Amino acid sequence: MTDYRSHEPLAQTIGDAAVEYLQALVRLDTTSPPGNERQATGYIAALLAAEGIESTVVESEPTRANLVAWLRAENPTGRPVMLMGHTDVVAVERDKWDHDPFGGEIIEDFMWGRGTLDMKNQVAGQLAAFLALKRANLPLTRDVIFAAFADEEVSGTLGAGWVYEHHRGLIDAEFALNEGGGSQVEMGGARFYTCGTGEKGQSILNVTFRGKPGHASTPIPETAMEKLGIALERLREWEPDLTITKPVRAMLEGIGAVLGGNDQAEIRRILALESPVWDDFADLPLSDRDRTRLYAITHHTAVPTMLTAGQRINVIPSEVTLGIDCRLVPGTTPEEWRQLVSDVIGGIGEVELVNRNAGVASDPHSPFFDAIKGTLTNLVPEAHIVPNLIGGRTDAAWFPDIKVYGFYPMLPVDRDGAYEGTVHGHNERIHVDDVRFGARFAYDLIAGFATS
Ligand SMILES: [Zn+2]
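Numbering (our numbering), first residue to last: 35 to 486.
Right under this line is the structure:
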């Protein structure tokens, strides 16, 4: 089989292009809402057109633009593979930044700006890879799709969700590469790249408590406030069951295989248990941060975050509403979850489901996952890669029948915490070598996978 992976100077060319595209994309303010992603799709469409690639731009609402482009295989023997991403970004607090969040300035090899990590870097890198694939004119055995969606940061209903519903044929892929993975966890002294092969669902619950109103100068029992307090206490004491999904099982097995010895034996012991509990994980050699993450991806969580109550300080309110952000491990439906929370609260409040997203999980073992693994280890021979369940939510949730993998790696270089807390935070920035590396990875992955 011919090896179509990049070598110098091609790797250099792809890297240069990715840096240039990222800088241009960062300078387009696509803060969502209102998004105005049309600016980004206009820029991308022009680059594609210059290479003779036709793209389709569909707007769910004026300016909320989604772009899709295809590289066609002459005689396809497999179904399409998609490079997907979103062009919108979250808002910034300008005065908290050390450099212009929409400037794309490069200072001491770091490019600064909103979206440099989430996720204009990946959009730019995948675009550079896609254009290089076109130029290379490889004998494709499956079509390659490039997709840039709007509105991911708010909900995706005007982006990926809308395209899936109204233009399904445009994104009819078997496999997709998406955001959500490529970061590293440490266990037992070894570093592992995680590849998202599933993600938790987000369901929002509103719980309404009702009680007698009255004047605050004369306390009365069974008020809405009192019921709220009892419900919060019951939620705090409750521990939802531990659930080990396929991606988490595969992750732990993968880590065990690398660590060997006692750690592997301990992981095997836990995975063999009929109903493991959180205490069983106590002896695993994990940092506090990774332990917290492991908890989140093995449990449904219910975190109260919003409260609507009271009109005046001297009036006992007759109604109080609590908003709870719940993250569900795949396998439990939002309706089942609503019932469970309702039982825990014990009938003192009315539980309503206001947002229903179940979790999703792709099979961690697939030819595309093997290709991701093979491509990474070719570039970084000492790298270990394991599947993972993503605790947050991405556009993957909209595509129940596409096998979406969240993976976009950075170099295995410690950036002294430069990235810590900057995604959706202040001073988001990326080392240009990481921009280059991601783009080269995307090229090598597709050049191999879509020609085999
Ligand atoms: Zn994102």
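Just so it is clear, CB atoms sit at the ideal spot from N, CA and C, and this is done for glycine as well.
Being a predicted model, the structure only gives us computed values, none of them experimental.
Task: Any non-hydrogen atom of ligand 1 closer than 7 angstroms to D185 Cβ - done: no
TODO: May I ask you to report which of helix, strand or coil DSSP gives D313?
DONE: helix
Task: Through-space distance from W272 to V378, alpha-carbon basis - done: 8 angstroms
Open item on the list: Classify T36: buried if its beta carbon has 16 or more other beta carbons within 10 angstroms, exposed otherwise.
Closed with: exposed
Open item on the list: Using 8 angstroms as the threshold, is the C-beta distance between L82 and A158 below it?
Closed with: no
Task: Close beta carbons around D468, own chain, < 7 angstroms, minus the five adjacent residues each side - done: M444, L445
TODO: Just tell me which of D435, I278, V197 has its CA closest to the CA of P522.
DONE: Nothing about residue 522 can be reported from this structure: the residues present for the chain run from 35 to 486 only.
Task: For P368, the first and last residue of its enclosing alpha helix (DSSP H) - done: Looking at the DSSP string, the run of the alpha helix (DSSP H) that includes P368 is 368–379.
Task: Q345 - containing beta strand (DSSP E), residue span - done: Per DSSP, Q345 belongs to no beta strand (DSSP E) and is neither H nor E.
- [ ] Compute the distance between the beta-carbons of Y227 and G216, then report whether it is under 8 angstroms.
- [x] yes
Open item on the list: If you measure between the beta carbons of P173 and T485, is that distance less than 8 angstroms?
Closed with: yes
TODO: Can you give me the start and stop residues for the alpha helix (DSSP H) that I278 sits inside?
DONE: Here I278 belongs to no alpha helix (DSSP H), and DSSP marks it neither H nor E.
Open item on the list: I'd like to confirm something about D152: is its beta-carbon nearer than 7 angstroms to some heavy atom of ligand 1, or not?
Closed with: yes
- [ ] Run the proximity test for E213: is its beta-carbon closer than 7 angstroms to any non-hydrogen atom belonging to ligand 1?
- [x] Distances taken from the Cβ of E213 to the heavy atoms of ligand 1 include one shorter than 7 angstroms.
Open item on the list: Distance check for A330 and R106, CA to CA, integer angstroms please.
Closed with: Pairing R106 with A330, the inter-Cα distance amounts to about 41 angstroms.
Task: Separation of V123 from R176, as counted between CA atoms - done: Between R176 and V123, the C-alpha separation is close to 31 angstroms.
TODO: Would you grab the beta carbon distance between A405 and G459 for me? Rounded to a whole angstrom, and I think it's under 8 angstroms.
DONE: That pair is no contact at about 33 angstroms.
Task: Three-state class that DSSP yields for D122 in the structure shown - done: Residue state, collapsed to three classes: coil.
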